[in-house]
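When we follow the UniProt record's numbering, the leftmost residue of the sequence shown carries the number 1, and every step to the right adds one.
No residue lacks a Cβ here, since even glycine has one placed at the ideal position from N, Cα and C.
Note that this is a predicted model, so its numbers are computed, not measured.
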Amino acid sequence: MRASRLLFILTTLQAKGHVTAQALADECEVSLRTIYRDVDALSAAGIPVYSVQGSSGGYRLLDGYKVRLNGLSSTEAEAIFLAGLTRQAAELGLGAAAASARAKLIAALPEAMRSGGMQSRFHFDAPAWFAEAEALDHLPVVADAVWNQRPIRMRYRGKTEDRERQVEPIGIVLKGGAWYLVAQSGGAVRTFRVSKISAIAVLEGRFDYPSTFKLEAYWAQSTRDYEVRLHPNRAEIRLSPRGLELMDALLPPYIRSGAVISEVADADGWRQVSLFVGSMTSAAAEILRFGTEAEVTGPPEFRAAMVDVVGKLAGIYGGNT
Numbered sequence: 001m002r003a004s005r006l007l008f009i010l011t012t013l014q015a016k017g018h019v020t021a022q023a024l025a026d027e028c029e030v031s032l033r034t035i036y037r038d039v040d041a042l043s044a045a046g047i048p049v050y051s052v053q054g055s056s057g058g059y060r061l062l063d064g065y066k067v068r069l070n071g072l073s074s075t076e077a078e079a080i081f082l083a084g085l086t087r088q089a090a091e092l093g094l095g096a097a098a099a100s101a102r103a104k105l106i107a108a109l110p111e112a113m114r115s116g117g118m119q120s121r122f123h124f125d126a127p128a129w130f131a132e133a134e135a136l137d138h139l140p141v142v143a144d145a146v147w148n149q150r151p152i153r154m155r156y157r158g159k160t161e162d163r164e165r166q167v168e169p170i171g172i173v174l175k176g177g178a179w180y181l182v183a184q185s186g187g188a189v190r191t192f193r194v195s196k197i198s199a200i201a202v203l204e205g206r207f208d209y210p211s212t213f214k215l216e217a218y219w220a221q222s223t224r225d226y227e228v229r230l231h232p233n234r235a236e237i238r239l240s241p242r243g244l245e246l247m248d249a250l251l252p253p254y255i256r257s258g259a260v261i262s263e264v265a266d267a268d269g270w271r272q273v274s275l276f277v278g279s280m281t282s283a284a285a286e287i288l289r290f291g292t293e294a295e296v297t298g299p300p301e302f303r304a305a306m307v308d309v310v311g312k313l314a315g316i317y318g319g320n321t
């Protein structure tokens, strides 16, 4: 997001004094041209940033210039990361702190940036579409335990029964509108859905946070492992030119990213495509979305599943009218 990138550039220049454009581009994971445009935008907003020529060239702020954010309390500093996630900050018990942090952040910016209405142009709507809000009565307690490294005892709803667990909470993740607790349990790191916690108690003492644990890396690997478990099978299909165009719109990202498309088309322009899929029934539902632009060629049980589904559809729609 450009607003957060501009703030990052500004605070980095203030902290380090002199930074090269390439270093900023690497940190923000954008092109040099984007950094040049961002610096121009800061200058246009009245911030005295200027370029330094020579082999050690880059950008500096005018000596003595400061954007003051030292009025933030410790709670507001924590909440600033949720300044654009109003509902999620409230769920964590940080609603008022997030609003206060946002107000101080805006007040610290030059008038040109405030009057530009940057804060009104970006809105995060994290919850998933068409989903009811989850019950999150225990989320503030979980978040506090994570932050203060306090062990918890919780009652957790499993697939078949509730179980009591004692865990060491080491992270919280918001994914697709759902909150997840990452915790050490039984000598391993596990993931728990916060809405499935029916009771919780914070225990005495503190635990040592694992020095080698990286939440972002754990979550990325956990997500990949989950996707692999959901899609253990391989399917072979033929797609028409139109079907190939529809892949981005009709297939989930994981299935799409693992697709292997033949480089050679047949006489009609159709190509062979190999896909990771889940169960044959769920895969049949995915491929039916392509209509007549797709044909399943294997394995045999997948073709049989398609024949079964299409036969049932024919029975529903093929009667006398």
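Tell me the DSSP secondary structure of GLY187 in three-state form. Along the sequence shown, one-based indexing puts residue 187 at 187. In the structure shown, GLY187 sits in coil (DSSP, three-state: anything other than H, G, I, E or B).
DSSP three-state assignment for GLU286, whether helix, strand or coil: Here residue 286 refers to the residue found at position 286 when the sequence shown is read from its first residue. Three-state result, GLU286: helix.
Just to confirm my understanding: we take LYS159, look at its own chain, exclude 5 residues before and 5 after, and list those with CB closer than 8 angstroms. What are they? In the sequence shown, counting from the first residue as 1, residue 159 sits at position 159. Setting aside the 5 residues that flank it on each side, LYS159 has no residue in the same chain whose C-beta is closer than 8 angstroms to its C-beta.
Near ALA284, which residues of its chain fall below 7 angstroms by C-beta distance, leaving aside the five closest residues on each side in sequence? Indexing the sequence shown from 1 puts residue 284 at position 284. So the list reads ALA305, MET306, VAL309, once near-sequence residues are dropped.
Can you list, in chain order, the residues of its chain with a C-beta nearer than 7 angstroms to that of ARG121? Leave out the 5 residues immediately preceding and following it. Counted from its first residue, the sequence shown places residue 121 at position 121. At ARG121 the pLDDT is 48, less than 50, meaning the model places this residue with poor confidence; the figure from the coordinates comes in the next sentence. There are no such residues.
Tell me the rounded alpha-carbon separation between GLN184 and ARG256. Taking the sequence shown and counting its residues from 1, one reaches residue 184 at position 184. Taking the sequence shown and counting its residues from 1, one reaches residue 256 at position 256. Using only the alpha carbons, I get a separation of about 33 angstroms.
With a threshold of 16 other CB atoms inside 10 Å of the CB of TYR317, please say whether the residue is buried or exposed. Along the sequence shown, one-based indexing puts residue 317 at 317. Answer is exposed; the Cβ neighbour count stays below 16.
Own chain, CB closer than 8 angstroms to VAL52, minus 5 neighbours either side, in chain order: Taking the first residue of the sequence shown as position 1, residue 52 is located at position 52. Cβ neighbours of VAL52 beyond the five flanking positions: HIS18, GLY58, TYR59, ARG60.
Every unbroken alpha helix (DSSP H) within the stretch 139-178, with a cutoff of 4 residues, ordered by chain: Whole alpha helix (DSSP H) segments, 4+ residues: 139-148.
Closest Cα partner of GLU216 within the set ILE287, GLU27, VAL173, LEU275: Walking along the sequence shown from the start, residue 216 turns up at place 216. The candidate whose alpha carbon is nearest that of GLU216 is VAL173.
Taking C-alpha atoms, which residue in ALA143, ASP137, ASN233, GLY278 lies nearest to SER198? As a position in the sequence shown, residue 198 is number 198, starting the count at 1. The alpha carbon of SER198 has as its nearest neighbour, out of ALA143, ASP137, ASN233, GLY278, the alpha carbon of ASP137.
Starting from the C-beta of ASP162, find all residues in its chain whose C-beta is less than 6 angstroms away, skip the five residues before and the five after it, and write them out in chain order. Walking along the sequence shown from the start, residue 162 turns up at place 162. Result list for ASP162: ARG155, in chain order.
Check each candidate in ASP208, ALA265, SER274, TRP270 and name the one with the smallest Cα separation from HIS231. The residue you call residue 231 lines up with position 231 of the sequence shown. Ranking ASP208, ALA265, SER274, TRP270 by Cα distance to HIS231 puts SER274 first.
Among all the DSSP beta bridges, which residues are the ones paired with TYR50? Position 50 of the sequence shown holds residue 50. Per DSSP, ARG60.
Is any heavy atom of the ligand MN found at a distance shorter than 6 angstroms from the C-beta of ASP26? With respect to small molecules bound, the structure shown includes none, and the ligand MN cannot be examined in it.
In three-state terms, what does DSSP make of ARG33? On the sequence shown, residue 33 is found 33 positions in, with the first residue counted as 1. Secondary structure at ARG33: helix, using DSSP grouped into helix, strand and coil.
SER198: first and last residue of the uninterrupted beta strand (DSSP E) it sits in: For the purposes of this step, residue 198 is taken as residue 198 along the sequence shown, with counting starting at 1. Counting along the chain, the beta strand (DSSP E) containing SER198 begins and ends at 197-202.
Same chain, Cβ closer than 7 angstroms to ALA194, neighbours up to 5 away in sequence not counted: Start at 1 with the first residue of the sequence shown, and residue 194 comes out as number 194. What sits at residue 194 in the sequence shown is Val, not Ala. Cβ within range, chain order: LEU136, HIS138, LEU139, VAL142, TRP179, TYR180, LEU181.
Which value, in whole angstroms, describes the spacing of the CA atoms of VAL260 and ILE152? Taking the sequence shown and counting its residues from 1, the one referred to as residue 260 is at position 260. Taking the sequence shown and counting its residues from 1, the one referred to as residue 152 is at position 152. Roughly 46 angstroms between the two C-alpha positions.
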